[in-house]
Amino acid sequence: MPEIRFDSVAVRVPLPGRGEREILARTTLTLTEPRVAVIGANGSGKSTLARLVNGLVRPSSGHVTVDGRDVVRDGAAVRRTVGFCFTDPAAQLVMPTCVEDVELSLRRTVPGSEARRERALEVLAAHGLEEHAHDSVHSLSGGQRQLLALAGVLATEPTVVVADEPTTLLDRANTRRIGHALLGLSQQLLLVTHDLDLAARCDRVVVIDDARVVADGTPTESIAHYTSLVDT
Amino acid sequence: MSDLMAGLHQPGDTLLHRLPVGAKVLGLAALSLSIVVVRDVRAAPVFLLVTLLLAALARVPLRSVWRAARGVLAIAVVAGALQWWWYGAEKALETFLDLLSLGLAALSLTATTSINEMVDALARWARPLRFVGVDPDRVALTVALTIGALPGTIAIARETRDAARARGLDRNPRAYLSPFVIRVVARAQESGDALHARGIGD
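Quick note, the sequences are listed as chains A and B, same order.
Quick note: the first sequence uses the UniProt record's numbering, first residue 1, plus one each step.
Quick note: the second sequence uses the UniProt record's numbering, first residue 1, plus one each step.
This is the structure in structure tokens:
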């Protein structure tokens with residue numbers, strides 16, 4: 001598995017006239033497990049941690065590396081190996097039809113429009129979306145859209161997939177479907193979630209509270225810590 | 001409108017589908033120019049017939065033809081009415097038919113050309129701009145994203161209008177416009193992040 005390393009990483013944002021606000025306190029973590037979940041309350045810093053992994057957020061101090069590559073210095077190279085799934089797939093799907101959106105992901109890796117179309121159709125078929133290949137992305141259900149967004153990410157064959165609350169907007173059946181797809185990936189998965197059932201199926205769970213890592217361990221230990229935080 | 005813009009491309013194997021994008025764009029430009037330049041009411045039905053034949057040749061489903069025509073019809077009716085008032089019935093009829101013909105001609109291009117084919121063609125055509133520091137892929141992608149963003153923007157407009165109505169503020173432009181602009185900018189930011197995360201533009 002790849003190694004995601006946070007080395008004394010902190011993220012601060014300026015507040016006009018009021019100094020700075022720390023959205024992630026100095027954090028050092030090394031993630032090598034196949035499935036790592038990050039849980040915590042809204043605004044605790046979970047998404048910031050996830051976004052650091054492919055350079056969407058830059059650290060104010062410290063370094064983030066993926067397999068030894070610095071996400072700031074070698075951003076383009078890191079993004080070729082780190083796929084990112086957002087909470088709202090509507091923001092991620094930018095082309096009119098499903099097949100065209102997957103083709104957009106393949107522009108960098110598959111030369112030639114015919115080869116790209118063929119590969120995109122294969123990717124859609126692998127995710128059970130072949131029937132919707134030529135449908136508008138806006139006509140899909142929430143679950144299908146998230147699955148399409150995931151298909152677009154996996155089309156580029158990343159070694160790491162970061163998913164930022166991918167089931168938050170979904171109903172129970174679609175949560176199960178997307179969760180099953182994510183947890184069945186051969187890639188390393190960094191899953192930010194509020195769904196404790198999904199987190200419990202990961203190999204390691206990191207708990208973030210008020211911009212700090214407050215627990216890091218097995219799902220049983222970390223989830224127990226998180227529920228005690230919520231209950232107090 | 002979102003139906004018109006999204007998923008308009010109809011996969012197929014007709015002559016128009018097989019033609020290179022460049023030939024189709026040039027053909028559309030020549031036809032559109034002819035429609036605009038030839039000022040004769042007798043030519044207007046001929047142009048309409050040609051564009052209907054093109055749509056038939058492209059095997060564009062009647063439903064799509066109706067959707068496209070419906071969008072243009074509203075504009076054509078208003079423009080035709082103004083022309084009637086200013087110049088008389090003959091000019092009004094010509095304007096009305098010409099606008100429908102232009103809409104249908106454009107439909108034949110978009111129905112037989114996928115966005116990605118268009119992006120590839122635009123990137124090829126923009127290649128000479130490399131010498132002045134312009135990235136052709138970015139130019140092509142910008143055009144494609146602009147087209148692709150329209151249905152999403154329309155959806156945001158509808159949601160924002162409904163939200164204002166639900167609060168009884170449907171007559172207050174601020175209750176509609178402010179959240180609409182904020183949401184469109186936020187969506188643009190999210191889409192930018194998503195493209196960045198996909199390594200597009202790196």
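Note that beta-carbon positions come from the ideal geometry of N, C-alpha and C, so glycine has one too.
Any C-beta of chain B under 7 Å from that of residue i
i, result
"R80/A", "yes"
"E100/A", "yes"
"E157/A", "no"
"residue 239/A", "Limits of chain A in this structure are 1 at one end and 232 at the other, which puts residue 239/A out of reach."
"N54/A", "yes"
"S186/A", "no"
"S105/A", "yes"
"H132/A", "no"
"H138/A", "yes"
Beta-carbon neighbours of residue i, restricted to chain A and to distances below 7 Å
i, result
"S191/B", "A91 and V94"
"R187/B", "A91"
Extent of the continuous beta strand (DSSP E) to which residue i belongs
i, result
"residue 239/A", "Past the edges of chain A, shown from 1 to 232, lies residue 239/A, and the structure says nothing about it."
"P14/A", "I4 to P14"
"D164/A", "V160 to D164"
"A37/A", "R35 to G40"
Whether residue i touches residue j by CB criterion (7 Å)
i, j, result
"P34/A", "Q146/A", "no"
"V162/A", "V53/A", "yes"
"I178/A", "K46/A", "no"
"A164/B", "D170/B", "yes"
"L26/B", "S108/B", "no"
"T168/A", "T97/A", "no"
"R80/A", "G71/B", "no"
"A133/A", "V94/A", "no"
"C85/A", "P166/A", "yes"
"A91/A", "A194/B", "yes"
"T193/A", "A37/A", "yes"
"A120/A", "V102/A", "yes"
"L99/B", "A76/B", "yes"
"V205/A", "A199/A", "yes"
"V11/A", "T48/A", "yes"
Neighbour flag for residue i against chain A, beta carbons, 7 Å
i, result
"R127/B", "no"
"I156/B", "no"
"R63/B", "no"
"R198/B", "yes"
"V184/B", "no"
"G88/B", "no"
"M1/B", "Any reading at M1/B must be qualified, since the residue scores a pLDDT of 40, below 50, and its modelled position is unreliable; the value itself is stated next. For M1/B, the answer is no, since every Cβ of chain A falls outside 7 Å of its Cβ."
Span of the alpha helix (DSSP H) around residue i
i, result
"T27/A", "T27/A -> not in any alpha helix (DSSP H); beta strand (DSSP E) instead, spanning E20 to L31."
"G27/B", "V21 to V37"
"I182/B", "P173 to A197"
"V139/B", "P136 to A166"
"G103/B", "A89 to T112"
"V50/B", "A43 to L57"
"T168/A", "From DSSP, T168/A is part of no alpha helix (DSSP H); its letter is neither H nor E."
"L16/B", "L15 to R18"
"M1/A", "Taken as a continuous stretch (DSSP letters only), M1/A belongs to no alpha helix (DSSP H), as it is neither H nor E."
"T232/A", "Segment: none, T232/A is in no alpha helix (DSSP H) and carries neither H nor E."
"S47/A", "K46 to L52"
"A123/B", "I115 to W125"
Contacts of residue i in chain B (Cβ-Cβ under 8 Å)
i, result
"A199/A", "None at all; the shortest Cβ gap to chain B is about 22 Å."
"A25/A", "Chain B residues near A25/A: none, gap ~23 Å exceeds 8 Å."
"D88/A", "E190"
Residue i: contacting residues in chain B (beta-carbon distance under 9 Å)
i, result
"D74/A", "Under the 9 Å cutoff, chain B gives no residues; its nearest Cβ is about 11 Å from D74/A."
Chain-ordered neighbours of residue i on chain A, where CB pairs are closer than 8 Å
i, result
"L195/B", "V94"
"D120/B", "S113"
7 Å Cβ cut-off: residues of chain B touching residue i
i, result
"F84/A", "A197"
"R108/A", "G199"
Inset, instruction - Just list the beta strand (DSSP E) runs in the region 65–153 of chain A, keeping only unbroken ones of 3 residues or longer that don't cross its boundaries, in chain order. - result: Along the region 65–153 of chain A, the beta strand (DSSP E) occurs as fully enclosed runs of 3 or more residues at 82–85, listed in sequence order.
Inset, instruction - Would you list, in sequence order, the uninterrupted beta strand (DSSP E) runs of no fewer than 3 residues that lie entirely inside the region 176–206 of chain A? - result: 188–192
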